[in-house]
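One structure is given here, and the rest of the page talks about it.
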Amino acid sequence: MKDQALARGHAPPDPGREALEAVAAWACRFTPRVSLEPPQGIALEVEGSLRFFSGADSLRKRIAEGLETLGFTAGIASGPTAQAALWRASGGGGALEDLPVSVTGLDEEALALLAGLGLRTLGDVLRLPREGVARRWGKDLVDALDRALGRAPEPREFFAPPARFAQKLELPAQVSEAPSALFALRRLLAQLEGFLAARQAGVRAFRVLLVHPDCAPTEVSVELASAARGEAHFTRLLFERFQRLELPQPIEAVLLAAESLEPLAEKTAGLFGGPGEGGEEWLRLVERLQARLGGEAVHGLGLHEDHRPECAFCRVDFRTKDSRGADTREQGGSPGPRPLWLLEAPRPLCEGEFALLAGPERIESGWWDGKEARRDYFIARTGESLAWIYRERQGGWFVHGFFA
Amino acid sequence: MTSLTSLLQRHSVWRGGAPSAPGAAAVPTGFAPLDAELPGGGWPAGGLVEVLSRHEGIGELQIVLPALAALTAGGHRVAWLAPPHLPYAPALRAAGVRLGNLTVVRAPGRRDALWAAEQALRARVFHALLAWLPGASYPELRRLSVAAQSGPGFALAFRPAQAACEASPAVLRLELEPGFETGRVAVRILKRRGAPVSTPLRIPIQRPFGRSAHALDRAPLPTVEGSGARARACAA
């Protein structure tokens, strides 16, 4: 099988060139080799895509579902050549030999002649001598048969999707509420997703124009934090916006436009589900929080080998370090009870404000870096709280943490 | 008696006192008496929980610690939002929390904290969000509660006890009271889905000292001069 093609023939009424191009732009998500087959067919060369979409059946299912979202009904068939696939799609499937002769698109007169001779299927025609067929029904039919059987080359012009996306959809009936137009818009958003997927791109912004019969259209522009292309995500964003929208008049058509594409590569799924649950989402969130609160405001926690309590942990900066790497080392035996809260600045305490419960634990360390600690730690009760307090060797009591 | 128990186990019998049927999966708190009283048997997934306490250092973190340890060990992320002090890594590690799955967000301003909380909930990446929001108003908490609904985990808002008399959109409100002498913290369920409970639950908390330490409680304070020598003796 040299190249397998899936083709679809649209049932009448004739969808028109524009609709065909819209479907072709959407179909670019499955394969870069899409060709228009007017009046109502599209051929996709999918041999190279089968593995990615886990087989022909699964791909066919996706195409069928996608077309339904776009609002088209189609016959889908595959074949070793585009011509065979197209004929099978319009003939309702089955073996090439069993297809009715009408799929060839011959004119009425020629079809009547075939019927008069008792030739009903392509198989009947193929059994006739070539020269006779060419003389009676023209060389075009013989050529088409050759192409369908793979005997002749099948040069096709592949569809080149446009560089910017702008599609308009007339609503079947006017709607007065913006959320009601969302259903129709989903078709356009699905087209946009296919259009972007074909380019490995995403958008940071898109516009929706709600066209009214007698006044200027209402424009809704949506801006995103980072490039994206998911139809479901866009629909959700629009839903939020439409909830608060006041319309001057009913909507008769919707228009979706997107420019300024940005590269957005597909992520390869990892063997164990990627770098952790929602890793990408989480990273985006951290970036967003850091953008507003400052880079220092968002950090992870890690351990650090030091006897001084205030040095026994470290803040993990997510910007420089893999967050999951910090916890690999096991702590080598806990030195004593440690509180869950540590005060950033120890709070001075007057004698008489506390009652000692346990201790002391002596910590003397850090003479080498100028932040020497010479303290005796106690567990104490201060009011209703259980606190971790210490006494400096020079004197003076401080609260350093709470056993929360 | 046996026939009564078997009768009660049948689905056709509805008991008025039982907590309402669990909707989403809940995260077990790790304390059996508390789990028994919470609808769903734990911290409600997709719910906002308020924990009210008058004091700090009475075990307010310990009631959530077993759940944090289980979540982080399972590879789920947990966020600490605007904590009043530093969550102390060595103590968390000793309690079985995997530090690599923690994210600490410090937001000094009230508005920043609320904004960050909503962002964190909407991103739906945290299975538990611990937030300290002392001054949040009803509409603000309502926003958070809605944001939490779609998420995979629960959001715990730590608030002062004075907030108990305000209306709250939280699905669960707990008030903690110190039970210092008994080594248990008293948990009163102010609000839950289902029938109300009036009796406080006593949840055992880990105390950082053994039985013998009580001696110190009753003994007079060690003098400043003599405590050095005693310290060595105790440590040995």
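Sequence order for the protein chains is A and B. Quick note, the working numbering runs 39 ahead of the 1-based positions in the first sequence. Quick note, the working numbering runs 120 ahead of the 1-based positions in the second sequence. In this text, a Cβ means the ideal position worked out from N, Cα and C, and glycines have one as well. These numbers were taken from a predicted model, which means no experiment stands behind them.
Counting only Cβ pairs nearer than 8 Å, list the residues of chain B close to V337 of chain A. T223, V224, V225, R226
If we define contact as Cβ-Cβ less than 8 Å, is A189 of chain B a contact residue for chain A? no
On the CB-based measure, 16 or more other CB atoms within 10 Å of its CB, does G131 of chain A come out buried or exposed? exposed
Kindly indicate which residue of A:Q282, A:E319, A:A266, A:E326 has the alpha-carbon position closest to the one of L303 of chain A. A:A266
Short CB-CB distance (under 8 Å) between P378 of chain A and chain B: yes
Cβ contact (3+ pairs, closer than 8 Å) linking the stretch 248-268 of chain B and the stretch 160-177 of chain B: yes
What residues are listed by DSSP as bridge partners for C14 of chain A? No answer is possible for residue 14 of chain A: the residues shown for chain A start at 40 and end at 443.
Is the distance from the Cβ of R377 of chain A to the Cβ of A193 of chain B below 8 Å? no
Got a sec, what are the start and stop residues for the alpha helix (DSSP H) P239 of chain A sits in? In the sequence on display, residue 239 of chain A carries Gln and not Pro. Counting along the chain, Q239 of chain A falls outside any alpha helix (DSSP H), and DSSP gives it neither H nor E.
Let me see if you follow: with CB-CB separation under 8 Å, is W406 of chain A close to chain B or not? no
Since G171 of chain A is in the alpha helix (DSSP H), which residue starts that stretch and which ends it? 169-176
Distance between beta carbons of L253 of chain B and A236 of chain B, contact taken as under 8 Å: Wrong, their Cβ atoms sit about 10 Å apart, outside the cutoff.
Mind listing the chain B neighbours of L324 of chain A? Cutoff is C-beta to C-beta under 8 Å, in chain order. Q239, A240, A243, V245
From the DSSP output, read off the bridge partner residues of V307 of chain B. B:L296, B:L321
Leaving out five residues before and five after C353 of chain A in sequence, what residues of the same chain have Cβ atoms less than 6 Å from its Cβ? G341, H343
Kindly list, in the order they appear in chain B, the residues whose Cβ is closer than 7 Å to that of S424 of chain A. H175, E176, G177, I178
Would A165 of chain B pass as a contact of P272 of chain B if the rule is Cβ separation under 8 Å? yes
I want to verify the contact list: residues of chain B whose CB lies under 9 Å from the CB of G341 of chain A, in sequence order. A209, L219, G220
Can you tell which of A:A384, A:T143, A:F197 has the C-alpha that lies nearest to the C-alpha of A64 of chain A? A:F197
Compute the Euclidean distance between the alpha carbons of L210 of chain A and A223 of chain A, then round it to the nearest angstrom. 7 Å
Does any residue of chain B bring its CB to less than 8 Å from the CB of C267 of chain A? Note on residue identity: the sequence assigns Ala, not Cys, to residue 267 of chain A. Chain B contact via Cβ: absent.
Assuming the contact rule is C-beta atoms closer than 8 Å, R275 of chain A and T108 of chain A should be a hit. Round their C-beta distance to whole Å, please. With 8 Å as the limit, R275 of chain A and T108 of chain A do not qualify as a contact, their Cβ atoms being about 16 Å apart.
With three or more C-beta pairs closer than 8 Å as the rule, is the stretch 150-158 of chain B touching the stretch 280-291 of chain B? no
Would you kindly check if the distance between the Cβ of G177 of chain B and the Cβ of L425 of chain A is under 8 Å? yes
Comparing alpha-carbon positions, which option in A:G189, A:V172, A:E262 lies nearest S299 of chain A? A:E262
Please list, in chain order, the chain A residues whose beta carbon lies closer than 7 Å to that of R304 of chain B. Within chain A, no residue comes near R304 of chain B; the closest Cβ sits about 13 Å away, beyond 7 Å.
Return the residue from the list B:L201, B:A187, B:V184, B:V225 that minimises the CA-CA distance to E335 of chain A. B:V225
Got a sec: which bits of the stretch 143-157 of chain B sit with their beta carbon under 9 Å from any beta carbon on chain A, in order along the chain? none
N-terminal and C-terminal residue of the alpha helix (DSSP H) that Q269 of chain B is part of: 258-269
Expressed to the nearest angstrom, what Euclidean distance is found between the alpha-carbon atoms of S288 of chain B and L328 of chain A? 26 Å
Can you tell me the Cα-Cα spacing of R190 of chain A and L165 of chain A, whole angstroms? 13 Å
Closest by CA to W436 of chain A, which one among A:P399, A:F245, A:G375, A:L188? A:P399
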